[in-house]
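Remarks on the structure that follows.
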Amino acid sequence: MSLEALFAYSNIDFGGCTTFNLPSDASNQLKYLVYENFYFVGVKTVLPTADMMVRSGYRFIHWEDNNGNVVTFIPANATSSSSFKAVWEDTTYDVNFYSENVLLPELSFQYEFGQTRNFATLDDTPFKHFEYWKDESGNRKDGIVSSDAKDFNLYAYWTPRNYTVKLNTNGADSCKELTSYVAGTTTNLPDSSNIKKKGFNFVGWYDNESLTGTPISFISDTQTGDVEYWAKWSGIEYSVSFVTYTQGEVISAKTFIAGIGISAKDMPVPTRDGYSFVGWFAKEYNLVNIDK
53 MSLEALFAYS
63 NIDFGGCTTF
73 NLPSDASNQL
83 KYLVYENFYF
93 VGVKTVLPTA
103 DMMVRSGYRF
113 IHWEDNNGNV
123 VTFIPANATS
133 SSSFKAVWED
143 TTYDVNFYSE
153 NVLLPELSFQ
163 YEFGQTRNFA
173 TLDDTPFKHF
183 EYWKDESGNR
193 KDGIVSSDAK
203 DFNLYAYWTP
213 RNYTVKLNTN
223 GADSCKELTS
233 YVAGTTTNLP
243 DSSNIKKKGF
253 NFVGWYDNES
263 LTGTPISFIS
273 DTQTGDVEYW
283 AKWSGIEYSV
293 SFVTYTQGEV
303 ISAKTFIAGI
313 GISAKDMPVP
323 TRDGYSFVGW
333 FAKEYNLVNI
343 DK
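Take the sequence shown: its position 186, counting from 1, is numbered 238 in our numbering, and each next residue is one higher.
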């Protein structure tokens with residue numbers, strides 16, 4: 053598309069008055085080259101050059117006279133009025149998109165001044181979430197606006213994806229909190245130092261409720277998606293001695309495992325003349341079991 057600006061001159065001896073009809077958005081700096089809108093007969097007057105013709109979204113090509121001839125100056129021997137037109141062409145600008153410094157040609161496009169367009173977004177990956185596009189200055193840019201008039205290189209801004217962690221502690225008295233992990237990083241699960249259950253040793257975490265397979269101590273940096281783990285415990289084995297009232301005689305010693313205990317039928321039942329057996333007591337005199 054070509055747009056014209058009229059540049060007229062007269063044959064008045066002391067100098068002619070020049071008239072310029074330019075598009076309203078073109079920078080009119082012509083006067084600096086034609087003596088404040090006048091030229092002088094007998095003096096060669098150079099027409100404005102491309103570096104002086106500024107218009108957003110357009111590039112100045114040249115001046116033409118009424119016959120379509122390219123004109124670069126008003127000759128010193130000019131004696132008649134003439135007019136010139138400025139020939140412009142639309143300027144197209146390139147928009148290129150990059151993700152991790154890799155060009156995405158399927159997204160790239162060109163635009164002309166005055167056009168508007170929203171940018172396409174990228175799909176999330178298992179490891180990353182697409183946030184927005186950034187320009188070369190690091191500023192967020194979501195699309196082309198009507199005032200834009202330059203090339204753009206845009207870079208995808210990603211953030212790591214977070215996934216949910218569910219821990220089934222199976223009765224732990226305390227456990228270090230862990231509710232999520234970041235994909236692409238290694239995340240340690242609570243170990244025996246920060247998960248506790250009275251009377252039990254912590255065995256490990258399993259990815260199934262049946263507690264089968266290999267214990268898991270961390271979430272790998274290759275893992276994605278929500279995860280769920282179950283804690284496995286083993287009861288601590290304790291030794292119990294059964295001591296009679298008579299001179300502290302130990303009549304039996306047994307072991308039991310926390311969570312299982314010793315059944316009444318497995319406890320010894322001592323006899324003592326003139327007494328009825330009530331039950332076994334711990335040293336703190338708390339009744340442990342009554343067997344009648």
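Cβ coordinates follow ideal geometry from the N, Cα and C atoms, glycine included.
- Residue burial annotation: D278 is exposed, with fewer than 16 other C-beta atoms found within 10 angstroms of its C-beta.
- The beta carbon of V95 sits closer than 6 Å to the beta carbons of A128 from its chain, once the five residues preceding and following it are set aside; these are given in chain order.
- With a beta-carbon spacing of about 11 Å, A138 and M104 fall beyond the 8 Å limit used to define contacts.
- Counting along the chain, T211 sits inside the beta strand (DSSP E) bounded by residues F204 to P212.
- Going by C-alpha positions, N253 is about 16 Å away from N220.
- For S226, the CB contacts under 6 Å within the same chain, skipping 5 residues up- and downstream, are K248 in chain order.
- For K193, the closest of K202, F179 and N170 by C-alpha to C-alpha distance is N170.
- Counting only residues of its own chain and dropping the five nearest sequence neighbours on each side, A172 has a CB closer than 6 Å to the CB of L159.
- Taking every protein chain shown into account, the CB of G190 has fewer than 16 other CB atoms within 10 angstroms, so this residue is exposed.
- Excluding five sequence positions before and after Y207, the CB atoms of its chain that fall closer than 6 Å to its own CB belong to Y150 and K186, given in chain order.
- In the displayed model, D103 falls within a helix according to three-state DSSP.
- Counting along the chain, I268 sits inside no beta strand (DSSP E), nor does DSSP assign it H or E at all.
- In this structure, DSSP gives D146 an extended state, which the three-state scheme calls strand.
- Taking each of N246, I288, K180 and F125 in turn and checking the Cα distance to T274, the smallest one comes out for K180.
- With fewer than 16 other CB atoms across the displayed protein chains lying within 10 angstroms of its CB, T237 is exposed.
- Annotation: the continuous beta strand (DSSP E) that includes A283 extends over V279 to G287.
- Contact between the region 258-275 and the region 320-329 is absent, with fewer than three C-beta pairs closer than 8 Å.
- Assignment of beta strand (DSSP E) within the region 155-192, counting only whole runs of 3 or more residues, yields 161-164 and 180-186 in chain order.
- DSSP links G195 through a beta bridge to N170.
- Per DSSP, the continuous beta strand (DSSP E) segment holding R111 begins and ends at Y110 to E116.
- Around the beta carbon of G109, a 10 Å sphere encloses 16 or more other beta carbons of the protein chains shown; the residue is thus reported as buried.
- The criterion of a C-beta distance shorter than 9 Å is satisfied by F204 and N148.
- The continuous beta strand (DSSP E) containing N253 extends over residues F252 to Y258.
- An exposed status is given to R111, since fewer than 16 other beta-carbon atoms sit within 10 Å of its beta-carbon.
- Around the CB of D146, fewer than 16 other CB atoms lie within 10 Å, so the residue is classed as exposed.
- A distance below 7 Å between beta-carbons, with the five flanking residues on each side excluded, links S286 to the following residues of its chain, in chain order: F252, N253 and V255.
- R213 is positioned such that its CB atom lies no closer than 9 Å to that of P157.
- Excluding sequence positions up to five before and after T216, its CB lies within less than 8 Å of the CB of T231, S232, D278 and V279, all in the same chain and listed in chain order.
- In the DSSP assignment, Y233 falls within the unbroken beta strand (DSSP E) covering S232 to V234.
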